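Per this note's numbering, the sequence shown starts with residue 3, numbered consecutively.
To start, the structure itself, in structure tokens.
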Amino acid sequence: MNEDILKGKWKEIRGSVKEKWGDLTDDDLAAVEGKQEKLVGLLQKKYGYSKDKAEQEYKGFISGYKDEEPRIKTDAEI
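Below, the structure is given as structure tokens:
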């Protein structure tokens, strides 16, 4: 389901991804193409995260999105 959300909403989510992880460039995000494994790998590369940490960060981020209405959880909700 998470992969489906990322692929289906990539154009909407992309700006939020860049906002959350500001070191990611437009070229980085273009290479992700809405694919979870590519975003997780990019987080590992750019931020030095372990695979588990990158997956945890991704899951926390994407959990704020619903199929009907994408949104990011606020810090208070996390």
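Cβ atoms here follow ideal geometry from the backbone N, Cα and C, with glycine treated the same way.
Since this is a predicted model, take the numbers as computed values, not measurements.
Candidates the options: which alpha carbon is nearest residue i's?
{"i": "G62", "options": "D28, K37, D25, V19", "result": "V19"}
{"i": "E39", "options": "T27, G24, K53, L26", "result": "K53"}
Taking 8 angstroms as the threshold (C-beta atoms), are residue j and residue i in contact?
{"i": "L45", "j": "E59", "result": "yes"}
{"i": "L8", "j": "G50", "result": "no"}
Output needed for residue i: all residues of its chain with C-beta closer than 7 angstroms, excluding positions within five of it in sequence on either side, in chain order.
{"i": "K22", "result": "F63"}
{"i": "L31", "result": "R16, V19, K20"}
By how many angstroms is the C-alpha of residue j removed from the C-alpha of residue i?
{"i": "A33", "j": "K47", "result": "13 angstroms"}
{"i": "Y67", "j": "I15", "result": "9 angstroms"}
In its own chain, which residues sit with a C-beta less than 6 angstroms from the C-beta of residue i, not counting the 5 before and 5 after it?
{"i": "V42", "result": "A56, E57, Y60"}
{"i": "W12", "result": "G36"}
{"i": "D25", "result": "K48"}
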